[in-house]
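Colleague: Please read through the structure below; I'll follow up with questions.
Residue numbers (this note's numbering): 4 to 633.
In structure tokens, the structure reads:
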């Protein structure tokens, strides 16, 4: 199989691969190249900026233009094609802008004589003051390109960042525009994800200077063409041959990607999987891979805009400004103002409603909504969003066939006491069809008793596998959300989960892994609804006594965490334990004498327990029959 195209760094692709993967961008490419070809060497040239959301193919387009200038006979006679890196963190002044031009120009030189000349000049001016360096570099480049009767086409991804950094100098941008307008040798072809201040504000030097090239989303047929090209590049004959039957799934890709090529390429690898469970796993993996991409997009927004986008992502579909304001607890005028800015920058779009007074807005990238919902939700609720995607991705018949297979696997696993397979089947069913879970489980009534029995064994298998405990406990907690129909099983699972959290936390504490101990407890604190029944408080009390036996100071610190969580419930024996800790630290008998007789008796008993050497966890380890199950 051929290697797949780079997802986030097309810069490393060769020309042929980039050209092969162009979809619905040919007009933009030929338009720019035609303008360059028709521009005379003498006279200034128009500069361009390609605008479109992240993932829309801006870098791909710029790279192709860069290579086409090098390859087309008429263009390479007229232009030297230079390219900045996609991120130019070092450019903080117009002087450094010219330093980077000289560095790239030296690399592009075919003549050793000119290469050495540029290198010598760079060394000569590198220590000059910024203003003098710009003056000399401008003159040097002007003379160089007049000598060769050529121009320089400079490609700059994220041009908005480059110009913003140059603008920190008082006259940096004005000086650059003056050079571009008065000299023949330089034109810029840049890209930006949005219309940015330096080109859209009336009082900015580059207002109305660049010719804007907007990159639209791919159409439905464009998405199909891109999928066909990806399959061909990977020699995936199955996708090519069955493309007609895959059209329902392509419609799902159209819906969730909003025609953004990068997301289409990512979802291609989901469509390439035929098994429903493989698709579920692929989608989860994809959403994890999208995390830095979406985090970077959110980082570009103001706090108010982040709040509005976050609120919209968690609403069910397109929403009015009033609905967004109410859900996000934001003033409506603020929402209206920020929605306009977000629409201008391509984060949201206005849904046109004929003959309607109200307006609805939606997030441009529907995959963002799924990503945000899954990032925000507890693991037990993540299946809802996964199920939403899968239901759009597969036909009803495909779903039913797979559900029948799960049913069969579940029954077979119970017959063979394969507890992990049984649990896997339940979780698989959950992820596919959450709403039908209870009805499906009820249909397996004869298997419930067997299911409970093997689950006890399953718990025991996990009990001493500490490295797997955290994932297991999280799954256990999420599973209880779907277990209310069989309450006895649920209650056992709740108590088991709490015991496991406390047990492994105490083990970590004993090994001086205090951070791990707190991490496990945070799982308990985040699911405080599990703390039901008097026996749970006895479990917690025994756990705290164990910690105080191991390390009084750190044990007291953990105790204070529980104290904060309990709040008004911090009474009775827990209150007495607080006084016990105070006595153990001070050994002040007067503290005991001030207590009521009954209270003093409890404190003395607790002191006696804490001063014992063995902990509950050590006793369990020595005698597994004491382990806290069922």
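The beta carbon of each residue, even a glycine, is placed where N, CA and C say it ideally should be. All values reported here derive from a predicted model rather than from experimental measurement.
Should residue 558 be labelled buried (16 or more other beta-carbon atoms within 10 Å of its own) or exposed?
Modeller: Locating residue 558 in the chain shown gives position 555, counting from the first residue. Flag for residue 558 reads buried.
Colleague: Does the separation of the CB atoms of residue 194 and residue 325 fall below 9 Å?
Modeller: Residue mapping note: residue 194 aligns to position 191 of the chain shown, counting from 1. Residue mapping note: residue 325 aligns to position 322 of the chain shown, counting from 1. Taking 9 Å as the Cβ cut-off, residue 194 and residue 325 do not qualify as a contacting pair.
Colleague: Alpha carbon to alpha carbon, what distance is there between residue 526 and residue 2?
Modeller: Past the edges of the chain, shown from 4 to 633, lies residue 2, and the structure says nothing about it.
Colleague: What residue ranges within the stretch 235 to 267 form continuous beta strand (DSSP E) runs of no fewer than 3 residues, ordered along the chain?
Modeller: Entirely contained in the stretch 235 to 267, not one beta strand (DSSP E) run reaches 3 residues.
Colleague: If we cut at 9 Å on Cβ distances, does residue 585 have a partner in chain C?
Modeller: Protein chain content of the structure displayed is limited to a single chain, and chain C is not contained in it.
Colleague: Report the rounded CA-to-CA distance for residue 288 versus residue 313, giving the unit in angstroms.
Modeller: Against the chain shown, residue 288 aligns to sequence position 285. Against the chain shown, residue 313 aligns to sequence position 310. Approximately 22 Å, taken between the alpha carbons.
Colleague: Rounded C-beta distance between residue 322 and residue 363? I'm assuming under 8 Å.
Modeller: Within the chain shown, numbered from 1, the residue matching residue 322 stands at position 319. Within the chain shown, numbered from 1, the residue matching residue 363 stands at position 360. About 6 Å; that satisfies the 8 Å criterion.
Colleague: Can the beta-carbon of residue 221 be found closer than 9 Å to that of residue 231?
Modeller: The residue given as residue 221 occupies position 218 in the chain shown. The residue given as residue 231 occupies position 228 in the chain shown. Going by C-beta atoms, residue 221 is not nearer than 9 Å to residue 231.
Colleague: With DSSP run on the structure shown, which of helix, strand or coil describes residue 349?
Modeller: The residue you call residue 349 lines up with position 346 of the chain shown. Coil.
Colleague: In chain order, what residues of the same chain lie with their CB nearer than 7 Å to the CB of residue 128, ignoring the 5 residues before and after it?
Modeller: Locating residue 128 in the chain shown gives position 125, where the first residue counts as 1. Correct list, in chain order: 136, 139, 140.
Colleague: Relative to the C-alpha of residue 523, which candidate in 508, 516, 529 has its C-alpha closest?
Modeller: What you label residue 523 is simply residue 520 of the chain shown in a count that begins at 1. It is 508 whose Cα lies nearest to the Cα of residue 523.
Colleague: Could you check the C-alpha separation between residue 164 and residue 205 for me, to the nearest Å?
Modeller: Within the chain shown, residue 164 is the residue found at index 161, counting from 1. Within the chain shown, residue 205 is the residue found at index 202, counting from 1. Each residue's alpha carbon lies about 19 Å from the other.
Colleague: Does DSSP classify residue 196 as helix, strand or coil?
Modeller: Sequence index remark: in the chain shown, residue 196 carries index 193 (1-based). Note: residue 196 maps to coil in three-state DSSP.
Colleague: Let me know the secondary structure DSSP gives residue 131 once reduced to three states.
Modeller: By 1-based counting over the chain shown, the position of residue 131 is 128. In this structure, residue 131 counts as coil in the three-state DSSP scheme.
Colleague: Report the option in 95, 162, 24, 214 whose CA atom is closest to the CA atom of residue 48.
Modeller: Walking along the chain shown from the start, residue 48 turns up at place 45. Nearest of 95, 162, 24, 214 to residue 48, Cα basis: 214.
Colleague: Is any heavy atom of the ligand PLP found at a distance shorter than 8 Å from the C-beta of residue 242?
Modeller: With respect to the ligand PLP, the structure offers nothing, as it holds no ligand at all.
Colleague: Out of 93, 218, 268, 149, which one is the CA nearest neighbour of residue 45?
Modeller: Indexing the chain shown from 1 puts residue 45 at position 42. Nearest C-alpha to residue 45: 149.
Colleague: Check for me: the beta strand (DSSP E) holding residue 554 runs from which residue to which?
Modeller: Locating residue 554 in the chain shown gives position 551, counting from the first residue. That residue, residue 554, is in no beta strand (DSSP E); it is neither H nor E in DSSP.
Colleague: Less than 9 Å separating the beta-carbons of residue 24 and residue 233?
Modeller: To locate residue 24, count along the chain shown from 1; it is residue 21. To locate residue 233, count along the chain shown from 1; it is residue 230. Cβ atoms of residue 24 and residue 233: closer than 9 Å.
Colleague: Classify residue 487 as helix, strand or coil using the three-state DSSP reduction.
Modeller: Along the chain shown, one-based indexing puts residue 487 at 484. Below a pLDDT of 50, predicted positions are generally treated as unreliable, and residue 487, at 49, falls in that range; the measurement from the model is reported next regardless. Three-state result, residue 487: coil.
Colleague: Which of the three DSSP states is assigned to residue 464 in this structure?
Modeller: Locating residue 464 in the chain shown gives position 461, where the first residue counts as 1. For residue 464, the pLDDT reaches just 44, beneath the cut-off of 50, and the residue's location in the model is therefore unreliable, although a value from the coordinates is still provided. Helix at residue 464.
Colleague: Hey, quick one: how far does the alpha helix (DSSP H) through residue 44 stretch, first residue to last?
Modeller: The residue given as residue 44 occupies position 41 in the chain shown. No alpha helix (DSSP H) holds residue 44; DSSP gives it neither H nor E.
Colleague: Taking the alpha-carbon of residue 171 as reference, which of 83, 99, 602 has the nearest alpha-carbon?
Modeller: The count along the chain shown starts at 1 and reaches residue 171 at position 168. Measuring from the Cα of residue 171, the nearest candidate turns out to be 99.
Colleague: Residues in the same chain with beta-carbon distance under 8 Å from residue 3, minus the five sequence neighbours each way, listed in chain order, please.
Modeller: Residue 3 lies beyond the range of the chain shown here (4 to 633); nothing can be said about it.
Colleague: Return helix, strand or coil for residue 86, following the three-state DSSP convention.
Modeller: Locating residue 86 in the chain shown gives position 83, where the first residue counts as 1. If DSSP states are grouped into helix, strand and coil, residue 86 belongs with the strands.
Colleague: Which of the three DSSP states, helix, strand or coil, is assigned to residue 293?
Modeller: Start at 1 with the first residue of the chain shown, and residue 293 comes out as number 290. If DSSP states are grouped into helix, strand and coil, residue 293 belongs with coil.
Colleague: Less than 9 Å between the C-beta atoms of residue 36 and residue 71, yes or no?
Modeller: The residue given as residue 36 occupies position 33 in the chain shown. The residue given as residue 71 occupies position 68 in the chain shown. Cβ distance < 9 Å, so residue 36 and residue 71 count as in contact.
Colleague: For residue 263 versus residue 53, is the C-beta distance shorter than 9 Å?
Modeller: Locating residue 263 in the chain shown gives position 260, counting from the first residue. Locating residue 53 in the chain shown gives position 50, counting from the first residue. No.
Colleague: Kindly indicate which residue of 293, 339, 335 has the alpha-carbon position closest to the one of residue 373.
Modeller: Taking the first residue of the chain shown as 1, we reach residue 373 at position 370. When only C-alpha atoms are compared, the closest one is 293.
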